[in-house]
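Reading through the structure tokens given below for one structure.
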Amino acid sequence: MNSLSPTTFILGSIQQKWSLARISQVRIPLDFDFKCAEIVGSCNGLLCLATLDNVIYLWNPSIRKLKRLPDTCLGKLEPVSLGFAYHSENDDYKVVRISSVPSFAHEIEVYTLSSDSWRRVEISLTNSIILYPNELEPAPFVSGALHWMAPIIDGQCLCSRRSIMSFDVKTETFRELALPNYTGIPYCIALFKGKLAFTTLEKYGCQYSIWVMKKYGVVESWNKLFVVPFQRAPYCLAFTEYGSLLVCYCYSINPMENQEYKFVLIDIETLHEKKDPDIQYPSYVATFMESLVLLDGANLVSY
3 MNSLSPTTFI LGSIQQKWSL ARISQVRIPL DFDFKCAEIV GSCNGLLCLA TLDNVIYLWN
63 PSIRKLKRLP DTCLGKLEPV SLGFAYHSEN DDYKVVRISS VPSFAHEIEV YTLSSDSWRR
123 VEISLTNSII LYPNELEPAP FVSGALHWMA PIIDGQCLCS RRSIMSFDVK TETFRELALP
183 NYTGIPYCIA LFKGKLAFTT LEKYGCQYSI WVMKKYGVVE SWNKLFVVPF QRAPYCLAFT
243 EYGSLLVCYC YSINPMENQE YKFVLIDIET LHEKKDPDIQ YPSYVATFME SLVLLDGANL
303 VSY
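Residue numbering for the sequence shown follows this note's numbering, starting at 3 and increasing by one per position.
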């Protein structure tokens with residue numbers, strides 16, 4: 003997804019392993035500024051978006067409907083981690099919002115589309131765990147659970163280990179998943195060909211190591227599958243359905259002028275690169291499949 007203006011964005015598709023093609027240019031309601039929003043997640047043709055002031059929307063571009071969710075029921079709003087998931091057993095959609103502030107109790111709420119309301123979830127999470135938003139792409143939804151990488155706080159300082167916290171959308175409970183025995187700097191977790199992946203940075207950000215959990219929930223199944231070198235440090239955006247890596251290089255000749263961006267699709271097996279000239283601005287990326295999933299109820303805009 004590539005925002006062209008506050009009212010349009012590009013819908014693209016990886017049609018083959020090396021074919022990143024523009025499908026359409028979709029307009030959005032005039033009062034919604036896409037440049038001030040991020041993609042929380044994508045499920046069955048629904049996109050979940052969040053603005054900088056913590057307003058959350060569900061959007062189905064295929065049927066041209068945008069729904070604003072009710073306001074939070076939590077006391078603290080900053081900082082928050084968000085996730086969007088499909089609960090298959092109830093044929094329902096959930097948005098998870100977690101306020102994670104050092105030295106304070108976690109505040110967790112869940113929105114369900116069927117009830118069009120938020121409810122607070124009482125879960126005991128130690129204050130030493132901080133959930134941060136994912137850097138690479140929306141919180142990975144794997145095996146019925148959303149995932150965030152969590153540094154562990156020891157006293158007043160960050161301790162030596164990080165972990166993954168998973169949230170089961172059926173039972174609405176947390177579970178800790180250990181990271182592999184890695185070297186380098188932990189960067190992010192992501193979805194890689196339907197499995198949970200973990201990426202580390204090495205050589206001043208010019209090399210990425212990609213770990214994949216082959217059997218979900220089994221710590222011993224972490225495998226380092228790929229090491230991807232770069233000539234200069236990129237900003238990674240997402241893995242495609244085929245396992246290719248979409249990255250962005252930022253070129254700033256004059257800090258007072260607009261920055262130039264170069265987007266590249268990388269085959270992490272062969273390290274072959276293909277530049278995408280159609281993406282020109284910083285973008286949020288999510289897997290999307292057109293559908294006719296309905297949105298109704300209050301605060302709904304059709305356009």
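Built from N, CA and C at the ideal position, the CB exists for glycine as well.
- In the structure shown, Glu-40 adopts extended strand secondary structure according to DSSP, grouped into three states.
- Counting C-beta pairs closer than 8 Å gives three or more between the stretch 39-54 and the stretch 82-94, which meets the contact rule.
- Under the three-state reduction of DSSP, Ser-101 is assigned to strand.
- Just measuring C-alpha positions, the residue of Val-303, Ser-246 and Ser-145 sitting nearest Glu-91 is Ser-145.
- Looking at the DSSP output, His-149 shares a beta bridge with Ser-168.
- Sorting Ile-212, Glu-275, Ala-288 and Ala-87 by C-alpha distance to the C-alpha of Gly-186 places Ile-212 at the top.
- In its chain, beyond the 5 residues on either side, Tyr-189, Cys-190, Tyr-210 and Ile-212 have a beta carbon closer than 6 Å to the beta carbon of Thr-201.
- Nearest to Met-215 by alpha-carbon distance, out of Leu-179, Tyr-206 and Leu-203, is Leu-179.
- Around the beta carbon of Thr-175, fewer than 16 other beta carbons sit within 10 angstroms, so the residue counts as exposed.
- Taking 8 Å as the cut-off, the beta carbon of Cys-208 is found no closer than this to the beta carbon of Phe-241.
- Around the beta carbon of Val-171, 16 or more other beta carbons lie within 10 angstroms, which makes this residue buried.
- Assignment of Glu-111 by DSSP, reduced to helix, strand and coil, places it in the strand class.
- Taking every protein chain shown into account, the CB of Met-291 has fewer than 16 other CB atoms within 10 angstroms, so this residue is exposed.
- For Trp-224, same chain residues with a beta-carbon under 6 Å away, outside a window of 5 residues either side, are Pro-182, Trp-213 and Met-215 in chain order.
- Segment contact: the stretch 259-276 against the stretch 39-46, fewer than three CB-CB distances shorter than 8 Å; contact not assigned.
- Within the model, the alpha-carbon separation for Leu-302 versus Met-151 is close to 33 Å.
- Using a Cβ distance threshold of 8 Å, Leu-247 and Cys-238 count as a contacting pair.
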